[in-house]
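All residue numbers for the sequence shown refer to our numbering, where the first residue is 4 and numbers rise by one. Note that CB positions come from ideal geometry on N, CA and C, so glycine has one too.
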Amino acid sequence: MTDSQVQVQHTDAITLLKNDHRKVEKAFAQYEELGPYAYIGKKNLADEICAELILHTQLEEEIIYPAFRKKLADSTDLVDEALVEHDSAKLLIREIQQMQADEELFDAKVKVLSEYIEHHVREEEKEIFPLLKKSDVDLLSLGEKLAQRKQQLSSEHKV
Numbered sequence: 004m005t006d007s008q009v010q011v012q013h014t015d016a017i018t019l020l021k022n023d024h025r026k027v028e029k030a031f032a033q034y035e036e037l038g039p040y041a042y043i044g045k046k047n048l049a050d051e052i053c054a055e056l057i058l059h060t061q062l063e064e065e066i067i068y069p070a071f072r073k074k075l076a077d078s079t080d081l082v083d084e085a086l087v088e089h090d091s092a093k094l095l096i097r098e099i100q101q102m103q104a105d106e107e108l109f110d111a112k113v114k115v116l117s118e119y120i121e122h123h124v125r126e127e128e129k130e131i132f133p134l135l136k137k138s139d140v141d142l143l144s145l146g147e148k149l150a151q152r153k154q155q156l157s158s159e160h161k162v
């Protein structure tokens with residue numbers, strides 16, 4: 004077992020998700036810094052962002068949201084809203100993946116996706132995560148499940 008595998012096994016779910024959030028935020032910021040004609044860089048970075056978001060949303064939908072629903076039945080409306088946000092983001096992701104960076108509206112779609120994700124992250128970190136922390140959800144066990152599933156999905160999708 005490598006050091007990174009040992010570290011991941013002892014990281015709670017919220018920390019892992021926040022790390023993903025920061026990674027995507029950084030990638031969106033890098034995208035914004037690219038020049039208007041940096042088409043190859045924009046396409047590569049947009050594809051990377053989309054791949055990360057697909058992976059992240061799948062992890063949340065498979066592991067986090069079911070745990071949240073099970074332990075916090077009174078607050079499931081937050082999960083419902085998050086799932087609707089995921090659906091909206093997935094539509095934009097599919098459109099971005101099918102486009103080239105020099106096509107009309109490519110930058111606009113990446114910008115709107117960035118804004119969707121910024122809103123989604125803010126709600127998760129200010130509403131969902133604090134409720135999970137206060138619940139009796141075993142965040143370390145959940146973190147281990149997340150890390151294992153992420154590794155599995157990453158190797159399947161070459162992310």
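Quick check on the burial criterion: 16 or more other C-beta atoms within 10 angstroms. Buried or exposed for H59? buried
Going by C-alpha distance, which of D50, E65 and A30 is nearest A16? E65
DSSP state of A3, grouped into three classes? Here the chain comprises residues numbered 4 to 162, so residue 3 is not present and cannot be evaluated.
9 Å Cβ cutoff met for K21 and F109: no
Quick one: measure Cβ to Cβ for K30 and I52, integer angstroms, because I've assumed they're closer than 8 Å. According to the sequence as given, residue 30 is Ala; it is not Lys. That belief holds up - the Cβ atoms of A30 and I52 are roughly 5 Å apart, short of 8 Å.
Between the CA atoms of G44 and V124 - distance to the nearest angstrom: 25 Å
Starting from G146, trace the alpha helix (DSSP H) both ways and give me its first and last residue. L142 to H160
For Y34 and A49, what's the separation of their Cα atoms in angstroms? 8 Å
If you draw a straight line from the alpha carbon of E121 to that of A111, how long is it in whole angstroms? 15 Å
To the nearest angstrom, how far is it from the Cα of K74 to the Cα of V87? 21 Å
Compare the C-alpha of H89 against each of E159, Y68, T18 and R25 and name the closest. Y68
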